[in-house]
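Student:
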Amino acid sequence: KQEVTQIPAALSVPEGENLVLNCSFTDSAIYNLQWFRQDPGKGLTSLLLIQSSQREQTSGRLNASLDKSSGRSTLYIAASQPGDSATYLCALTGNQFYFGTGTSLTVIP
Amino acid sequence: GAVVSQHPSWVICKSGTSVKIECRSLDFQATTMFWYRQFPKQSLMLMATSNEGSKATYEQGVEKDKFLINHASLTLSTLTVTSAHPEDSSFYICSAPRDRVVTEAFFGQGTRLTVV
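Protein chains in written order, with this note's numbering: chain P, 118 to 226; chain R, 1071 to 1186.
Below, the structure written as structure tokens:
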């Protein structure tokens, strides 16, 4: 069974800092990897989708990488802002979605 | 991008009553939809996979008689929490993949259920 782990579970950084969120998984037989943002009490907002054949995707200040051989993905956030404060979830798609445990990010003004 | 609409966004009900949550794919047909439950500060837990025209597939530990799922059309799946109790209070989210091979997830806005 696919297991997805995100480290750290919580992160607090000052505004302007660059940061990296990590996602590791046990089964490399995945289709795609997707990063989401979730604000408190809200649904999920898709940030980036990396297809299985790709190694990275970029959108604005966000960059996500995928290394299937090592079972890892990273989400890089450049020049963090208070509005980036949220929980970030990674999810892998196989025959269903497998969600990570999430990283709660707080960006301090 | 594809849109999945979930309704209601929040609901408060009395113990013993039933609550129905709807999940609609607005601009594509979804033969499969997923229902998740999320407890505070925890990740999403898959409850069941809803299949259009056939019975839903429930994850281990999820009571099928308590969480009734109906996928009556290619754009609508419903989750009914029957005889709700306070411990059923949670955040419920549906998602639908655009294609048969699950490659990308589109999520509803979620439903906050509070049972009093």
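We put the beta carbon where it would ideally sit given N, CA and C, even for glycine.
So ALA208/P contacts chain R; which residues on that side make the cut at Cβ distance below 7 Å?
Tutor: For the purposes of this step, residue 208/P is taken as residue 91 along the first sequence, with counting starting at 1. What ALA208/P touches in chain R: ALA1175.
Student: If we count the other Cβ atoms within 10 Å of its Cβ and call it buried at 16 or more, is ILE124/P buried or exposed?
Tutor: By one-based count along the first sequence, residue 124/P stands at place 7. ILE124/P is exposed by the Cβ-count criterion.
Student: With a threshold of 8 Å on Cβ separation, who are the neighbours of ILE225/P within its own chain once the five nearest residues in sequence on each side are excluded?
Tutor: Counting from one through the first sequence, the residue named residue 225/P turns up at place 108. Answer for ILE225/P: SER129, VAL130, PRO131, GLU132, PRO199, listed in chain order.
Student: Identify every residue that forms a DSSP beta bridge with ASP184/P.
Tutor: Working through the first sequence from its first residue, we reach residue 184/P at position 67. Paired residues: ARG189/P.
Student: Check the Cβ of GLY1178/R against every Cβ in chain P and list those closer than 8 Å, keeping chain order.
Tutor: Numbered from its first residue, the second sequence carries residue 1178/R at position 108. Within chain P, the residues near GLY1178/R are GLY160.
Student: Exposed or buried, which one is GLN1130/R when buried takes at least 16 other CB atoms within 10 Å?
Tutor: On the second sequence, position 60 is the one that residue 1130/R refers to. Its Cβ having fewer than 16 others within 10 Å, GLN1130/R is exposed.
Student: Quick check: the Cα distance between ASP1135/R and LYS118/P, rounded to an integer number of angstroms?
Tutor: Within the second sequence, the letter at position 65 stands for residue 1135/R. Within the first sequence, the letter at position 1 stands for residue 118/P. Those two C-alpha atoms are separated by around 26 Å.
Student: Do SER176/P and LEU183/P come within 7 Å of each other at the CB atom, strictly closer than that value?
Tutor: As a position in the first sequence, residue 183/P is number 66, starting the count at 1. As a position in the first sequence, residue 176/P is number 59, starting the count at 1. Contact flag unset, no.
Student: By the three-class DSSP mapping on this structure, what secondary structure does GLU1092/R have?
Tutor: Counted from its first residue, the second sequence places residue 1092/R at position 22. Note: GLU1092/R maps to strand in three-state DSSP.
Student: Determine, for THR143/P, whether the minimum Cβ-Cβ distance to residues of chain R falls below 7 Å.
Tutor: As a working mapping, residue 143/P is identified with position 26 in the first sequence. Closer than 7 Å: no.
Student: How about SER1159/R and VAL1132/R: are their beta carbons less than 7 Å apart?
Tutor: Looking up residue 1159/R in the second sequence gives position 89. Looking up residue 1132/R in the second sequence gives position 62. No, the pair does not count as a contact, with Cβ atoms beyond the cut-off.
Student: Going by alpha carbons, who is nearest to ARG216/P out of LEU1114/R, CYS1083/R, PHE1104/R?
Tutor: Taking the first residue of the first sequence as position 1, residue 216/P is located at position 99. The displayed chain sequence assigns Phe, not Arg, to residue 216/P. Ranking the options by Cα distance to PHE216/P, first place goes to LEU1114/R.
Student: How should ALA127/P be labelled, buried or exposed, when 16 other C-beta atoms within 10 angstroms of its C-beta is the threshold for buried?
Tutor: Indexing the first sequence from 1 puts residue 127/P at position 10. Exposed, because fewer than 16 other Cβ atoms sit within 10 Å of the Cβ of ALA127/P.
Student: Can you check whether the C-beta of LEU192/P is within less than 7 Å of a C-beta belonging to chain R?
Tutor: Indexing the first sequence from 1 puts residue 192/P at position 75. By this cut-off, LEU192/P is not an interface position.
Student: Within a Cβ cutoff of 7 Å, which residues of the same chain sit near GLY188/P, ignoring the five residues on either side of it in sequence?
Tutor: The sequence position of residue 188/P within the first sequence is 71, counting from 1. Within the same chain, GLY188/P has close Cβ partners SER141, PHE142, THR143, SER145.
Student: Taking the C-alpha atoms as reference points, what is the distance between LEU1146/R and THR1181/R?
Tutor: Within the second sequence, residue 1146/R is the residue found at index 76, counting from 1. Within the second sequence, residue 1181/R is the residue found at index 111, counting from 1. Approximately 16 Å, taken between the alpha carbons.
Student: Going along chain R in order, which residues have a C-beta closer than 9 Å to the C-beta of THR218/P?
Tutor: In the first sequence, residue 218/P corresponds to position 101, counting from 1. Under the 9 Å cutoff, chain R gives GLN1112, SER1113.
Student: I'd like the list of long-range same chain contacts for ALA1100/R, defined as Cβ closer than 6 Å, with 5 residues on each side in sequence excluded.
Tutor: Along the second sequence, one-based indexing puts residue 1100/R at 30. The residues are ALA1166.
Student: Between LEU183/P and chain R, is any beta-carbon pair separated by less than 7 Å?
Tutor: The residue given as residue 183/P occupies position 66 in the first sequence. Output row for LEU183/P: interface = no.
Student: Who pairs with HIS1077/R in a beta bridge, going by DSSP?
Tutor: Mapped onto the second sequence, residue 1077/R falls at position 7. For HIS1077/R, which the question treats as bridged, DSSP gives the partners GLU1092/R.
Student: Tell me whether PRO1156/R sits in a helix, a strand or coil according to DSSP, three-state version.
Tutor: Counted from its first residue, the second sequence places residue 1156/R at position 86. In this structure, PRO1156/R counts as helix in the three-state DSSP scheme.
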